[in-house]
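End of the sequence shown = 617 in my numbering, gap-free, step of one. C-beta: ideal position from N, C-alpha, C; glycine also. Have a look at the structure below before the remarks.
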Amino acid sequence: MTDLLICGATVYDGTGAPGVRADVAIDAGRIVAVGNDLPAAARTIDADGLALSPGFIDMHAHSDLQILANPDHLAKVSQGVTLEVLGQDGLSFAPIDDPTRAAVRRQIAGWNGEPDDFDFSWSTVAGYLDRLDQGIACNAAYLVPQGTLRMMVVGTANRPATRAELDEMKRLLAVGLEEGAAGMSSGLTYTPGMFADTAELVELCRVVASYGGYYSPHQRSYGKGALEAYGEMIDVAREAGCALHLTHATMNFEPNRGRGGDLLALIDAGLADGVDITTDTYPYLPGATTLAAILPSWTAEGGPDALLARLADPVDRERITFELEQVGTDGCHGCVTDWNTIEIGGVKNPTLTGAVGNTIAEIAAGIDKPPSWVFFDLLIRDNLATTILQHVGHEENVQAIMQHPTHTGGSDGILVGGKPHPRAWGTFPRYLAYYVRELGVLELADCIHHLTGRPARRLRLADRGLVRVGYHADLVLFDPLAVRDAATFDNPRQQAEGIPWVLVNGVPVIADGRRTDELPGRAIRRTPSEGN
Numbered sequence: 086m087t088d089l090l091i092c093g094a095t096v097y098d099g100t101g102a103p104g105v106r107a108d109v110a111i112d113a114g115r116i117v118a119v120g121n122d123l124p125a126a127a128r129t130i131d132a133d134g135l136a137l138s139p140g141f142i143d144m145h146a147h148s149d150l151q152i153l154a155n156p157d158h159l160a161k162v163s164q165g166v167t168l169e170v171l172g173q174d175g176l177s178f179a180p181i182d183d184p185t186r187a188a189v190r191r192q193i194a195g196w197n198g199e200p201d202d203f204d205f206s207w208s209t210v211a212g213y214l215d216r217l218d219q220g221i222a223c224n225a226a227y228l229v230p231q232g233t234l235r236m237m238v239v240g241t242a243n244r245p246a247t248r249a250e251l252d253e254m255k256r257l258l259a260v261g262l263e264e265g266a267a268g269m270s271s272g273l274t275y276t277p278g279m280f281a282d283t284a285e286l287v288e289l290c291r292v293v294a295s296y297g298g299y300y301s302p303h304q305r306s307y308g309k310g311a312l313e314a315y316g317e318m319i320d321v322a323r324e325a326g327c328a329l330h331l332t333h334a335t336m337n338f339e340p341n342r343g344r345g346g347d348l349l350a351l352i353d354a355g356l357a358d359g360v361d362i363t364t365d366t367y368p369y370l371p372g373a374t375t376l377a378a379i380l381p382s383w384t385a386e387g388g389p390d391a392l393l394a395r396l397a398d399p400v401d402r403e404r405i406t407f408e409l410e411q412v413g414t415d416g417c418h419g420c421v422t423d424w425n426t427i428e429i430g431g432v433k434n435p436t437l438t439g440a441v442g443n444t445i446a447e448i449a450a451g452i453d454k455p456p457s458w459v460f461f462d463l464l465i466r467d468n469l470a471t472t473i474l475q476h477v478g479h480e481e482n483v484q485a486i487m488q489h490p491t492h493t494g495g496s497d498g499i500l501v502g503g504k505p506h507p508r509a510w511g512t513f514p515r516y517l518a519y520y521v522r523e524l525g526v527l528e529l530a531d532c533i534h535h536l537t538g539r540p541a542r543r544l545r546l547a548d549r550g551l552v553r554v555g556y557h558a559d560l561v562l563f564d565p566l567a568v569r570d571a572a573t574f575d576n577p578r579q580q581a582e583g584i585p586w587v588l589v590n591g592v593p594v595i596a597d598g599r600r601t602d603e604l605p606g607r608a609i610r611r612t613p614s615e616g617n
């Protein structure tokens with residue numbers, strides 16, 4: 086007798102094949118049979134009328150601390166996520182030393198929060214993965230963050246790395262990959278990762294390639310210079326012989342309206358040239374980041390204290406305002422800042438909560454101050470921790486990119502703040518409800534493939550991402566006619582509807598629509614034997 090039998094579901098196996106009515110038997114955390122009229126089990130789920138698919142894989146998550154600090158992790162497991170990829174955008178917490186940890190915590194508090202009494206007892210990738218193994222809601226893979234490596238070795242100076250410094254970064258990267266990281270991320274509009282030139286990235290990516298990992302860059306521009314920035318990443322991957330995953334692959338801001346096809350043509354040319362490329366997107370128009378991220382990069386040299394000093398200096402403020410409003414900054418992707426598009430999503434300072442949900446333009450009008458004054462005031466009073474929504478996306482680009490055969494799903498979800506982007510709670514049901522059922526942009530079986538089997542292949546997972554005998558039982562049961570993202574921009578922390586069951590390693594984390602108290606997730610380690 087097996088542990089669990091799911092009866093009568095329409096099974097979508099994650100390959101893109103049409104759904105087939107079948108039973109699925111699970112024992113010891115793995116799928117042991119798929120078929121009809123399977124023997125009884127210790128527990129049975131009647132899945133008549135429901136679709137059964139592999140659990141969804143979030144290829145771009147910012148849960149690095151929250152997955153540990155708030156183990157319920159309802160935002161992700163309730164939408165069917167059974168695996169998420171952490172260590173994104175070149176800034177995270179392993180490998181790390183004490184001075185760098187303090188700086189990174191401060192720099193990305195808007196992504197991760199600053200949990201009270203949090204135990205940062207690890208310093209290595211292995212230590213972080215071991216911490217995850219103590220019990221998390223869903224599985225998690227990890228990318229070595231290039232910006233953190235640079236901060237540890239070079240610091241925050243805007244200069245090329247020396248030969249010795251580059252060798253040390255390569256050594257630290259290799260150790261992280263040996264310890265189980267799936268690849269490397271970069272944040273090339275964030276300091277200090279942005280200070281790396283193309284040659285430095287190529288050398289690091291050669292290390293990633295030697296371990297069979299992939300490179301996941303937040304590139305130098307998603308705005309005015311987006312196509313050139315994508316081209317640089319494809320060139321890096323080609324020269325290094327490294328697999329490339331273009332994360333949150335968008336064409337945003339006014340210069341890119343209607344240009345999604347130009348990006349896809351560039352990707353197709355890279356594929357034809359032998360470059361291994363995949364992408365991920367979130368199914369929304371606004372983006373989200375920190376308010377400090379839109380500053381020109383020169384302001385951040387020297388670290389957070391030097392940045393705050395510049396924000397308080399009248400001469401520097403005048404220069405920053407001119408660049409933001411007249412020239413366009415590299416932090417704002419080469420585009421002139423439109424204060425009407427920047428909405429405050431979260432603050433750390435409780436005296437600033439009234440700003441949440443308002444644009445900088447609206448705040449400025451309400452107090453009869455210039456928008457730039459509000460911008461500087463928020464950054465200083467909130468110690469750089471403010472998060473924002475940027476309303477800069479284009480629907481035609483979103484739809485074009487999600488239909489490409491390289492596409493996977495990534496929430497880019499930030500779980501902290503007063504009004505975080507609803508993508509943290511709604512990305513995967515939104516694909517199924519809005520883009521499959523309502524608009525018909527994707528067929529259901531194909532969409533499931535985008536969210537399961539295809540990302541598992543990018544992660545080189547031999548036994549996850551499909552409904553197949555011998556595979557880990559990471560599974561989601563949902564009603565194709567009722568599944569829906571309930572999270573909105575006004576009320577973003579809302580559990581998805583129409584997803585009654587989610588299993589991680591064969592254990593229900595959502596049962597009859599409610600969160601159980603189980604923590605069956607584990608770190609997913611890529612081993613050197615899975616490399617080239």
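So what does Asn224 bridge to, in DSSP terms?
By one-based count along the sequence shown, residue 224 stands at place 139. Answer is Leu168, bridged to Asn224.
Go through its chain and collect everything with a Cβ distance to Glu615's Cβ below 7 Å, but skip five positions before and after it.
Along the sequence shown, read from residue 1 onward, the residue named residue 615 stands at position 530. Confidence is the limiting factor: at Glu615 the pLDDT is only 45, short of 50, which leaves the residue's position unreliable, though a coordinate-based value still follows. Gly297 and Arg545, listed in sequence order.
What residue does the beta strand (DSSP E) around Ser138 start on, and which one ends it?
Counted from its first residue, the sequence shown places residue 138 at position 53. Annotation for Ser138: the continuous beta strand (DSSP E) segment containing it runs Ala136 to Pro139.
Where the alpha helix (DSSP H) through Thr129 begins and ends:
Working through the sequence shown from its first residue, we reach residue 129 at position 44. Looking at the DSSP string, Thr129 is not in any alpha helix (DSSP H); the run it does join, the beta strand (DSSP E), is Ala126 to Asp131.
Which runs of the alpha helix (DSSP H) at least 4 residues long sit entirely within the segment 252-320? Give them in chain order.
Here the runs fully enclosed are 283-295.
Cβ-based neighbour list, Arg291, same chain, cut-off 6 Å, excluding 5 preceding and 5 following:
Stepping through the sequence shown from its first residue, residue 291 is reached at position 206. Ala325.
Is Gly419 near Gly272, with beta carbons less than 8 Å apart?
As a working note, residue 419 is residue 334 in the sequence shown. As a working note, residue 272 is residue 187 in the sequence shown. No.
Looking only at its chain, what residues have a beta carbon closer than 6 Å to the beta carbon of Gly101, apart from the 5 residues adjacent to it on each side?
Counting from 1 along the sequence shown, the entry for residue 101 is found at position 16. Ala530, Asp531 and His534, listed in sequence order.
Three or more C-beta pairs under 8 Å: does that hold for the segment 448-464 against the segment 480-498?
no
CB of Ala179 within 8 Å of CB of Leu349, strictly
Here residue 179 corresponds to residue number 94 of the sequence shown, with the count starting at 1. Here residue 349 corresponds to residue number 264 of the sequence shown, with the count starting at 1. No, Cβ-Cβ distance for Ala179 and Leu349 is not below 8 Å.
For Ile609, I'd like the list of residues in its chain whose CB is within less than 6 Å of its CB, leaving aside the five on either flank, ordered along the chain.
For the purposes of this step, residue 609 is taken as the residue at position 524 of the sequence shown. Counting only Cβ-Cβ distances below 6 Å, and skipping sequence neighbours, we find Asn224 and Ala226.
Rounded separation between Ile142 and Pro456 - CA only:
Numbered from 1 along the sequence shown, position 57 holds the residue referred to as residue 142. Numbered from 1 along the sequence shown, position 371 holds the residue referred to as residue 456. C-alpha separation (whole angstroms): 39 Å.
Under the three-state DSSP convention, the category Trp383 falls into:
As a working mapping, residue 383 is identified with position 298 in the sequence shown. The answer is helix: DSSP assigns Trp383 an H, G or I state.
Is DSSP giving Phe205 helix, strand or coil here?
Here residue 205 refers to the residue found at position 120 of the sequence shown. Coil, per DSSP.
Would you mind working out which of Gly442, Leu176 and Thr436 sits nearest Thr426, comparing C-alpha positions?
Residue 426 sits at position 341 when you count from the first residue of the sequence shown. Looking at the Cα atoms, Gly442 is the closest of the given residues.
Using only CA atoms, which one of Leu536, Asp570 and Trp458 lies nearest to Trp510?
As a position in the sequence shown, residue 510 is number 425, starting the count at 1. The shortest Cα separation from Trp510 among Leu536, Asp570 and Trp458 belongs to Asp570.
At the level of alpha carbons, what is the spacing between Leu560 and His506?
Against the sequence shown, residue 560 aligns to sequence position 475. Against the sequence shown, residue 506 aligns to sequence position 421. Cα to Cα, the separation comes out at about 26 Å.
Using DSSP bridges, identify the partner residues of His476.
Along the sequence shown, read from residue 1 onward, the residue named residue 476 stands at position 391. Partner residues in a beta bridge of His476, as assigned by DSSP, do not exist.
Rounded distance between the beta-carbons of Gln475 and Ala373, thought under 8 Å
The residue given as residue 373 occupies position 288 in the sequence shown. The residue given as residue 475 occupies position 390 in the sequence shown. Contact flag correct, Cβ pair sits at about 7 Å.
Host beta strand (DSSP E) of Arg522 (start-end)
Translated into positions along the sequence shown, residue 522 becomes position 437. Here Arg522 belongs to no beta strand (DSSP E), and DSSP marks it neither H nor E.
Would Tyr275 pass as a contact of Leu176 if the rule is Cβ separation under 8 Å?
Along the sequence shown, read from residue 1 onward, the residue named residue 275 stands at position 190. Along the sequence shown, read from residue 1 onward, the residue named residue 176 stands at position 91. Yes; because the gap between Cβ atoms is below 8 Å, this pair is in contact.
Between Gly359 and Glu317, what straight-line distance do the alpha-carbon atoms span, to the nearest angstrom?
Along the sequence shown, read from residue 1 onward, the residue named residue 359 stands at position 274. Along the sequence shown, read from residue 1 onward, the residue named residue 317 stands at position 232. Distance between the alpha carbons of Gly359 and Glu317: 16 Å.
If we require 3 or more residues per run, which beta strand (DSSP E) segments fall completely within the segment 98-122?
List check, beta strand (DSSP E) in window: 105-112 and 115-120.
Would the beta-carbon of Arg549 fall within 8 Å of that of Leu168?
Residue 549 sits at position 464 when you count from the first residue of the sequence shown. Residue 168 sits at position 83 when you count from the first residue of the sequence shown. Against a cut-off of 8 Å, the Cβ pair of Leu168 and Arg549 comes out as a contact.
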